[in-house]
Amino acid sequence: MSSPRAVRKDALKPLWRAAVLLRAITWLFAAGVVLAHDGEYANTVLAWVTIGAMALWTVATSVYYLRRSKVALWFTLLDLGVCCAVMCMSRLVLTHDQLTVQVVPLVPTVWVTAVVAVGAVRSGMVGGTAFGAVVSAFNYGVRGYFDTDLTRDFVLLVGVGFVVGLASTTSKQSAERLAMAMRAEAATAERERLARTIHDSVLQVLARVRKRGRELGGEAAELAELAGTQEVALRALVAAAPLESTANGQADLRPRIQVLATNRYQVAVPATPVLVPECAAAELAYLVREALENVDRHAGDEARAWVLVEDLGDEVVVSVRDDGVGIAAGRLDDAEAQGRLGVARSIRGRVAELGGTATLETSPGQGTEWEVRIPMRGRNCG
Numbered sequence: 003m004s005s006p007r008a009v010r011k012d013a014l015k016p017l018w019r020a021a022v023l024l025r026a027i028t029w030l031f032a033a034g035v036v037l038a039h040d041g042e043y044a045n046t047v048l049a050w051v052t053i054g055a056m057a058l059w060t061v062a063t064s065v066y067y068l069r070r071s072k073v074a075l076w077f078t079l080l081d082l083g084v085c086c087a088v089m090c091m092s093r094l095v096l097t098h099d100q101l102t103v104q105v106v107p108l109v110p111t112v113w114v115t116a117v118v119a120v121g122a123v124r125s126g127m128v129g130g131t132a133f134g135a136v137v138s139a140f141n142y143g144v145r146g147y148f149d150t151d152l153t154r155d156f157v158l159l160v161g162v163g164f165v166v167g168l169a170s171t172t173s174k175q176s177a178e179r180l181a182m183a184m185r186a187e188a189a190t191a192e193r194e195r196l197a198r199t200i201h202d203s204v205l206q207v208l209a210r211v212r213k214r215g216r217e218l219g220g221e222a223a224e225l226a227e228l229a230g231t232q233e234v235a236l237r238a239l240v241a242a243a244p245l246e247s248t249a250n251g252q253a254d255l256r257p258r259i260q261v262l263a264t265n266r267y268q269v270a271v272p273a274t275p276v277l278v279p280e281c282a283a284a285e286l287a288y289l290v291r292e293a294l295e296n297v298d299r300h301a302g303d304e305a306r307a308w309v310l311v312e313d314l315g316d317e318v319v320v321s322v323r324d325d326g327v328g329i330a331a332g333r334l335d336d337a338e339a340q341g342r343l344g345v346a347r348s349i350r351g352r353v354a355e356l357g358g359t360a361t362l363e364t365s366p367g368q369g370t371e372w373e374v375r376i377p378m379r380g381r382n383c384g
């Protein structure tokens, strides 16, 4: 599968081609304007020298933008600087009347709009808007005055930068979502293929061992119990959603919890992805695993546990409940006073680092229930 960087690069290829084509077309227009005013400038030779420099820069930037896998910010800033310098050359080429009275176009004329498109494609709406504002400021500065026409150019340049930047950002996001959907589809298809293969081989063998072991009893019954446990765990692993992370560092919590299901532990998760920061997903899975290990160690051999994941929109709630022997009143406080901080440090401490809360409800003979609440926009972990 393609990396996120490759996906963004492919999504922006058409926009880079459009920016290069725009620069070539606007150079032809600028050359035509200079030709139309040939002999009228204060320095006609410098005008053609400037057009020649613009041609060389057009070729150089076209090669760079079309061949580079990643366009460097420093190069786009250099591009902006060159375009602004070319605009300043107009003060040496045009006469004073051409700058202020006749309003003859500057030497580069619309050629500089391409750099606004470049800034927008490279850096999105912020880049496009900033590049448009800088070019407009130099347009004011070279002319030396403000009027309606120059203000119109300002609005157009900034507006074009914003719109092209929006298109660039949208293209990258759409491409990333499409790539994620394709990866999820491929992972689902592979998981279904593995599920069929496992069902026809491993799961059938485990089911047969479990059934026959229970019939024989004795030590065979213990093997049957182990086979049943592995059968449930394997089914949960095959049924779990793929471990997928989004481009902005979020991950689906469900598969990390689903794989913890066994014949003693039941897991219930929403049908739709529960997206949380990737580090938070790992921490929550660890907490649930530790809570289930506590059930193994302290709740009794016959205790069962239920894990429930709820997506409430602004927060995620994970509950781990068992029907074991429970915890006597004051036992946790005594353990903490004696320096045994397993529960307090491993569960409450980790949840606090995520900006959430952990609540414990228990009593002798009534089992234990942990309820962990993590805000979707909690603190960063790591």
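To convert, count from 1 in the sequence shown and add 2; that's this note's numbering. Just so you know, even glycine gets a beta-carbon here, dropped at the ideal spot from N, CA and C.
Fill in: Beta-carbon gap between glycine 143 and glycine 167 smaller than 8 Å
Position 141 of the sequence shown holds residue 143. Position 165 of the sequence shown holds residue 167. No, the pair does not count as a contact, with Cβ atoms beyond the cut-off.
Discussion item. Please determine whether the Cβ atom of asparagine 296 lies at a distance below 7 Å from any heavy atom of the ligand GDP.
Written reply: Ligands in the displayed structure: none, and consequently the ligand GDP is not present.
Worksheet entry | CB-CB length for valine 35 against threonine 111, believed under 8 Å | For the purposes of this step, residue 35 is identified with residue 33 of the sequence shown, where counting begins at 1. For the purposes of this step, residue 111 is identified with residue 109 of the sequence shown, where counting begins at 1. About 5 Å; that satisfies the 8 Å criterion.
Discussion item. So, for glutamate 312: in the same chain, excluding its five sequence neighbours on each side, which residues have a beta-carbon less than 6 Å away from its beta-carbon?
Written reply: Position 310 of the sequence shown, counting from 1, holds the residue named residue 312. Val319, listed in sequence order.
Practice prompt. Kindly list the residues whose CB is nearer than 7 Å to the CB of glycine 358, restricted to its own chain and excluding five residues on each side of it in sequence; keep chain order.
Written response: Position 356 of the sequence shown holds residue 358. Cβ within range, chain order: Val374, Arg375, Ile376, Pro377, Gly380.
Practice prompt. Report the three-state DSSP secondary structure of arginine 323 (helix, strand or coil).
Written response: Counting from one through the sequence shown, the residue named residue 323 turns up at place 321. Strand.
Fill in: Per-residue DSSP class, three states only, for leucine 277
Looking up residue 277 in the sequence shown gives position 275. Strand at leucine 277.
Fill in: Contact under 8 Å by Cβ, arginine 306 with arginine 350
On the sequence shown, residue 306 is found 304 positions in, with the first residue counted as 1. On the sequence shown, residue 350 is found 348 positions in, with the first residue counted as 1. No, they are not a contact pair.
Discussion item. According to DSSP, simplified to helix, strand and coil, what is proline 366?
Written reply: Along the sequence shown, one-based indexing puts residue 366 at 364. It is coil, neither helix nor strand.
Fill in: tryptophan 76 - containing alpha helix (DSSP H), residue span
Position 74 of the sequence shown holds residue 76. Start and end: 75-95.
Worksheet entry | Under 8 Å between C-beta atoms of threonine 115 and leucine 82 | Working through the sequence shown from its first residue, we reach residue 115 at position 113. Working through the sequence shown from its first residue, we reach residue 82 at position 80. No, they are not a contact pair.
Worksheet item: From Thr153, Gln368, Val353, pick the residue whose C-alpha is nearest to that of glycine 302; which is it?
Response: Position 300 of the sequence shown, counted from the first residue, corresponds to residue 302. Checked all of Thr153, Gln368, Val353; the closest Cα to glycine 302 is Gln368.
Fill in: Proximal residues to tyrosine 66 (C-beta, below 8 Å), its chain only, five neighbours per side dropped
Along the sequence shown, one-based indexing puts residue 66 at 64. Result list for tyrosine 66: Val73, Phe77, in chain order.
Item to complete: Name, in chain order, the residues that DSSP records as bridge partners for proline 257.
Response: Stepping through the sequence shown from its first residue, residue 257 is reached at position 255. According to DSSP, proline 257 bridges with nothing at all.
Worksheet item: Going by the CB atoms, is the gap between tryptophan 113 and alanine 38 shorter than 8 Å?
Response: In the sequence shown, residue 38 corresponds to position 36, counting from 1. In the sequence shown, residue 113 corresponds to position 111, counting from 1. No.
Worksheet item: What is the rounded straight-line gap between the Cα of valine 47 and the Cα of valine 117?
Response: Counting from one through the sequence shown, the residue named residue 47 turns up at place 45. Counting from one through the sequence shown, the residue named residue 117 turns up at place 115. C-alpha separation (whole angstroms): 25 Å.
Item to complete: Would you mind working out which of Gly315, His300, Glu317 sits nearest aspartate 324, comparing C-alpha positions?
Response: Position 322 of the sequence shown, counted from the start, is the residue given in the question as residue 324. Of the listed residues, the one whose Cα sits closest to aspartate 324 is His300.
Worksheet entry | Beta-bridge pairing of alanine 55 - partner residues as DSSP gives them | The residue labelled residue 55 in the question sits at position 53 within the sequence shown. Partner(s): none; alanine 55 has no beta bridge.
Worksheet item: In terms of residue numbering, what span does the alpha helix (DSSP H) encompassing aspartate 99 cover?
Response: Translated into the one-based positions of the sequence shown, residue 99 becomes position 97. Here the alpha helix (DSSP H) through aspartate 99 covers 98-102.
Worksheet item: Hey, quick one: how far does the alpha helix (DSSP H) through alanine 142 stretch, first residue to last?
Response: Here residue 142 is taken as the residue at index 140 of the sequence shown, counted from 1. Contrary to the premise, residue 142 reads as tyrosine rather than alanine in this sequence. Where tyrosine 142 is concerned, the enclosing alpha helix (DSSP H) stretches over 115-145.
Practice prompt. Report buried or exposed for methionine 91, applying the criterion of at least 16 other Cβ atoms within 10 angstroms of its Cβ.
Written response: Counted from its first residue, the sequence shown places residue 91 at position 89. So methionine 91 ends up on the buried side.
Fill in: Limits of the alpha helix (DSSP H) - the one that alanine 354 falls within
Looking up residue 354 in the sequence shown gives position 352. Segment 352-355, the alpha helix (DSSP H) holding alanine 354.
Practice prompt. Count the other C-beta atoms from every protein chain shown that fall within 10 angstroms of the C-beta of glycine 215, then say buried if there are 16 or more, exposed otherwise.
Written response: To locate residue 215, count along the sequence shown from 1; it is residue 213. The residue is buried, with at least 16 neighbouring Cβ atoms inside 10 Å.
Worksheet item: Tell me the DSSP bridge mates of isoleucine 376?
Response: Here the question's residue 376 lines up with position 374 in the sequence shown. Answer by DSSP bridge pairing, in chain order: Val318.
Worksheet entry | Cβ neighbour criterion (16 or more within 10 Å) applied to serine 321 | Here the question's residue 321 lines up with position 319 in the sequence shown. By the 10 Å Cβ count, serine 321 comes out buried.
Practice prompt. Measure the alpha-carbon distance for alanine 283 versus alanine 354 and round it to whole angstroms.
Written response: By 1-based counting over the sequence shown, the position of residue 283 is 281. By 1-based counting over the sequence shown, the position of residue 354 is 352. Spanning the two alpha carbons is a distance of roughly 14 Å.
Worksheet item: Is arginine 352 closer than 8 Å to leucine 294 when the C-beta atoms are compared?
Response: What you label residue 294 is simply residue 292 of the sequence shown in a count that begins at 1. What you label residue 352 is simply residue 350 of the sequence shown in a count that begins at 1. Going by C-beta atoms, leucine 294 is not nearer than 8 Å to arginine 352.
Worksheet entry | Cβ-based burial, valine 157 [other Cβ within 10 Å; buried from 16] | Start at 1 with the first residue of the sequence shown, and residue 157 comes out as number 155. With fewer than 16 other Cβ atoms within 10 Å, it is exposed.
Practice prompt. Buried or exposed for glutamine 260, please, with buried defined as at least 16 other CB atoms from any protein chain shown within 10 angstroms of its CB.
Written response: Residue mapping note: residue 260 aligns to position 258 of the sequence shown, counting from 1. So glutamine 260 counts as buried.
Discussion item. Per the DSSP calculation, leucine 108 is bridged to which residue(s)?
Written reply: On the sequence shown, position 106 is the one that residue 108 refers to. Beta-bridge pairing links leucine 108 to no other residue.
Worksheet item: Ordered along the chain, which non-local residues of its own chain (more than five positions away) have a Cβ less than 8 Å from that of threonine 274?
Response: Stepping through the sequence shown from its first residue, residue 274 is reached at position 272. So the list reads Asp313, once near-sequence residues are dropped.
Practice prompt. Over the uninterrupted beta strand (DSSP E) stretch that includes alanine 307, give me the two end residues.
Written response: Counting from one through the sequence shown, the residue named residue 307 turns up at place 305. Per DSSP, alanine 307 belongs to the beta strand (DSSP E) from 307-313.
Worksheet item: How big is the Cα-Cα spacing for leucine 14 and valine 137?
Response: Numbered from its first residue, the sequence shown carries residue 14 at position 12. Numbered from its first residue, the sequence shown carries residue 137 at position 135. Taking the straight line joining both Cα atoms gives about 23 Å.
Fill in: Cutoff 8 Å; reference proline 272; Cβ partners in own chain excluding five residues on either side
Numbered from its first residue, the sequence shown carries residue 272 at position 270. Hits under 8 Å: Arg256, Val311, Glu312, Asp313.
Discussion item. Please classify aspartate 254 as buried or exposed, where buried requires at least 16 neighbouring CB atoms within 10 angstroms.
Written reply: Here the question's residue 254 lines up with position 252 in the sequence shown. Result: buried.
Discussion item. For the structure I just gave you, are there three or more beta carbon pairs, one from the segment 91-109 and one from the segment 118-126, closer than 8 Å?
Written reply: no
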